[in-house]
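Counting in the working numbering, the sequence shown runs from 18 upward without gaps. All C-beta atoms, glycine included, are put in the ideal place defined by N, C-alpha and C. Report on the following structure.
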Amino acid sequence: MARPKKHALERRTEEVNTRFTLLELDHIQNEAKKAGLSRAAFIRKRSLSERIVAPQVRGVDPAAIMKLDKLIQEINAIGVNVNQIALAANTDRRVPLGSEHVADALDAMRQKVETTLDELVSGDGS
(Lines of atoms letter the chains of each structure in order from A and count residues from 1; the text may use other names and numbers.)
(Lines give C-alpha, C1' and ligand atoms only; values in the text may rest on other atoms or scores of the structure.)
Protein backbone atom coordinates (compact mmCIF):
# COMPACT_ATOMS: atom_id res chain seq x y z
CA MET A 1 0.00 0.00 0.00
CA ALA A 2 1.38 3.41 -1.00
CA ARG A 3 1.96 6.24 1.41
CA PRO A 4 -0.83 8.83 1.47
CA LYS A 5 0.00 12.01 -0.42
CA LYS A 6 0.65 15.15 1.61
CA HIS A 7 -1.46 18.25 1.19
CA ALA A 8 0.19 20.82 -1.10
CA LEU A 9 1.02 23.11 1.84
CA GLU A 10 2.76 20.26 3.70
CA ARG A 11 5.07 19.30 0.82
CA ARG A 12 8.62 20.55 1.04
CA THR A 13 9.23 21.88 -2.44
CA GLU A 14 11.42 24.92 -1.78
CA GLU A 15 15.18 24.76 -1.36
CA VAL A 16 17.66 27.10 0.30
CA ASN A 17 21.38 26.76 -0.35
CA THR A 18 23.63 27.96 2.45
CA ARG A 19 27.40 27.85 2.77
CA PHE A 20 29.12 26.92 6.04
CA THR A 21 32.72 26.82 7.15
CA LEU A 22 34.09 23.37 8.00
CA LEU A 23 33.86 24.20 11.70
CA GLU A 24 30.25 25.38 11.41
CA LEU A 25 29.25 22.29 9.46
CA ASP A 26 31.02 20.01 11.93
CA HIS A 27 29.16 21.72 14.79
CA ILE A 28 25.82 21.33 13.00
CA GLN A 29 26.46 17.65 12.29
CA ASN A 30 27.47 16.96 15.91
CA GLU A 31 24.42 18.77 17.28
CA ALA A 32 22.13 16.96 14.83
CA LYS A 33 23.63 13.62 15.84
CA LYS A 34 23.14 14.40 19.56
CA ALA A 35 19.51 15.29 18.85
CA GLY A 36 18.98 12.16 16.76
CA LEU A 37 18.06 14.20 13.70
CA SER A 38 19.30 14.41 10.16
CA ARG A 39 21.31 17.50 9.31
CA ALA A 40 18.41 18.93 7.27
CA ALA A 41 15.87 18.22 10.03
CA PHE A 42 18.17 19.79 12.62
CA ILE A 43 18.70 22.96 10.55
CA ARG A 44 14.98 23.18 9.79
CA LYS A 45 14.01 22.74 13.44
CA ARG A 46 16.55 25.28 14.70
CA SER A 47 15.71 27.87 12.08
CA LEU A 48 11.96 27.59 12.56
CA SER A 49 11.71 27.30 16.33
CA GLU A 50 14.66 29.04 17.98
CA ARG A 51 13.85 32.55 19.12
CA ILE A 52 16.21 35.11 17.62
CA VAL A 53 16.46 38.47 19.33
CA ALA A 54 17.33 41.46 17.19
CA PRO A 55 20.17 43.54 18.60
CA GLN A 56 19.19 46.75 20.35
CA VAL A 57 20.35 49.97 18.74
CA ARG A 58 22.29 51.84 21.38
CA GLY A 59 22.50 55.55 21.92
CA VAL A 60 19.53 56.54 19.77
CA ASP A 61 16.90 58.52 21.61
CA PRO A 62 13.36 58.18 20.19
CA ALA A 63 12.80 61.89 20.87
CA ALA A 64 15.84 62.72 18.75
CA ILE A 65 14.46 60.57 15.91
CA MET A 66 11.16 62.47 16.12
CA LYS A 67 13.08 65.75 16.05
CA LEU A 68 14.93 64.65 12.92
CA ASP A 69 11.67 63.55 11.30
CA LYS A 70 10.21 67.00 11.96
CA LEU A 71 13.29 68.64 10.44
CA ILE A 72 13.01 66.45 7.36
CA GLN A 73 9.37 67.49 6.93
CA GLU A 74 10.34 71.16 7.22
CA ILE A 75 13.18 70.73 4.73
CA ASN A 76 10.80 69.03 2.29
CA ALA A 77 8.31 71.89 2.63
CA ILE A 78 11.04 74.44 1.92
CA GLY A 79 12.17 72.36 -1.06
CA VAL A 80 8.65 72.48 -2.48
CA ASN A 81 8.64 76.27 -2.13
CA VAL A 82 12.05 76.55 -3.81
CA ASN A 83 10.83 74.40 -6.71
CA GLN A 84 7.73 76.57 -7.13
CA ILE A 85 9.86 79.73 -7.15
CA ALA A 86 12.28 78.20 -9.67
CA LEU A 87 9.40 77.14 -11.91
CA ALA A 88 7.90 80.63 -11.78
CA ALA A 89 11.26 82.29 -12.49
CA ASN A 90 12.03 79.93 -15.39
CA THR A 91 8.64 80.42 -17.04
CA ASP A 92 8.86 84.24 -16.87
CA ARG A 93 6.01 84.38 -14.42
CA ARG A 94 5.89 86.68 -11.47
CA VAL A 95 7.84 85.28 -8.52
CA PRO A 96 5.49 84.65 -5.56
CA LEU A 97 5.44 87.10 -2.68
CA GLY A 98 7.68 86.12 0.19
CA SER A 99 10.18 84.27 -1.96
CA GLU A 100 12.92 86.62 -0.81
CA HIS A 101 12.66 84.95 2.61
CA VAL A 102 13.46 81.49 1.25
CA ALA A 103 17.22 81.98 1.60
CA ASP A 104 16.73 83.02 5.22
CA ALA A 105 14.51 80.00 5.85
CA LEU A 106 17.06 77.68 4.25
CA ASP A 107 19.86 79.13 6.38
CA ALA A 108 17.77 78.77 9.55
CA MET A 109 16.96 75.18 8.59
CA ARG A 110 20.63 74.42 7.97
CA GLN A 111 21.45 75.74 11.45
CA LYS A 112 18.66 73.62 12.98
CA VAL A 113 19.98 70.52 11.23
CA GLU A 114 23.54 71.20 12.40
CA THR A 115 22.38 71.77 15.99
CA THR A 116 20.26 68.63 16.02
CA LEU A 117 23.04 66.50 14.55
CA ASP A 118 25.52 67.92 17.09
CA GLU A 119 23.10 67.00 19.89
CA LEU A 120 22.71 63.48 18.54
CA VAL A 121 26.45 62.95 18.21
CA SER A 122 27.18 64.34 21.68
CA GLY A 123 24.30 62.38 23.24
CA ASP A 124 22.33 65.44 24.37
CA GLY A 125 19.47 64.92 21.90
CA SER A 126 16.16 65.22 23.70
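Whether residue i touches residue j by CB criterion (9 Å)
i    : j    : result
I95  : A122 : yes
T133 : L54  : no
F59  : E48  : yes
L137 : A81  : yes
E105 : R111 : Reading the sequence as shown, one finds Ala at residue 105 and not Glu. Yes, they are a contact pair.
Which of helix, strand or coil DSSP assigns to residue i
i    : result
N47  : helix
S64  : helix
D124 : helix
M18  : coil
D78  : coil
S139 : helix
G96  : helix
K87  : helix
R36  : coil
K129 : helix
H24  : coil
E41  : helix
R29  : coil
Among the options, the one whose alpha carbon lies nearest that of residue i
i    : options               : result
E32  : A106, R61, M83        : R61
R127 : L26, H118, L88        : L88
Q90  : R111, A120, L65, V130 : V130
Below-9 Å beta-carbon distance, residue i vs any chain C residue
i   : result
Q46 : Protein chain content of the structure displayed is limited to a single chain, and chain C is not contained in it.
CB-CB length for residue i against residue j, believed under 8 Å
i   : j   : result
N56 : I45 : Here residue 56 is Arg; the residue named in the question, Asn, does not match the sequence. Rounded, the Cβ-Cβ distance is 6 Å, consistent with contact.
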